[in-house]
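Visitor: Everything in the sequence shown is counted per this note's numbering, starting at 218 for the first residue and increasing by one. Glycine included, every Cβ here is placed at the ideal spot set by N, Cα and C. Keep in mind that this is a model prediction, so the values were computed, not measured.
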Amino acid sequence: MKLRLHIHRAYAGGWCADIDDDHDRQPDDPYWCVDRWPTLQDALTAGCEQLAILTTTLKKTHTLPRLSSYLDPAT
């Protein structure tokens, strides 16, 4: 499983960060998501820390829950 950290501008200001994988590249149901980080560096730091946590979890359990636990079968 390849996880990806996406950082992008929030419409209301600040930065959004989410983590997705190859099976669902749309940000509608990520493994992790936080919006409105005040700076790009804050979003990157938090995202990288969360990637490390998810990687450790994946090594132990071989599965990761999505935020809504729903995978769109069309993707």
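1. Could you name each continuous beta strand (DSSP E) segment of 3 residues or more that falls completely within the segment 239 to 265, going from the start of the chain to the end?
2. Got a sec, what are the start and stop residues for the beta strand (DSSP E) residue 221 sits in?
3. Keeping to the same chain, check which residues put their C-beta closer than 8 Å to that of residue 283; ignore five residues upstream and five downstream.
4. Secondary structure at residue 269, three-state DSSP: helix, strand or coil?
5. Please report the straight-line C-alpha distance between residue 263 and residue 219, rounded to a whole angstrom.
6. Comparing C-alpha positions only, which one of 231, 221, 250 sits nearest to residue 285?
Guide: Well, looking at it:
1. Qualifying beta strand (DSSP E) stretches, in chain order: 249 to 254.
2. Start and end: 220 to 226.
3. Spatial neighbours of residue 283 in its own chain (CB-CB distance under 8 Å, excluding positions within 5 residues in sequence) are listed in chain order as 241, 246, 247, 248.
4. Correct three-state label for residue 269: helix.
5. Looking at the two C-alpha atoms, the distance is approximately 18 Å.
6. The shortest Cα separation from residue 285 among 231, 221, 250 belongs to 250.
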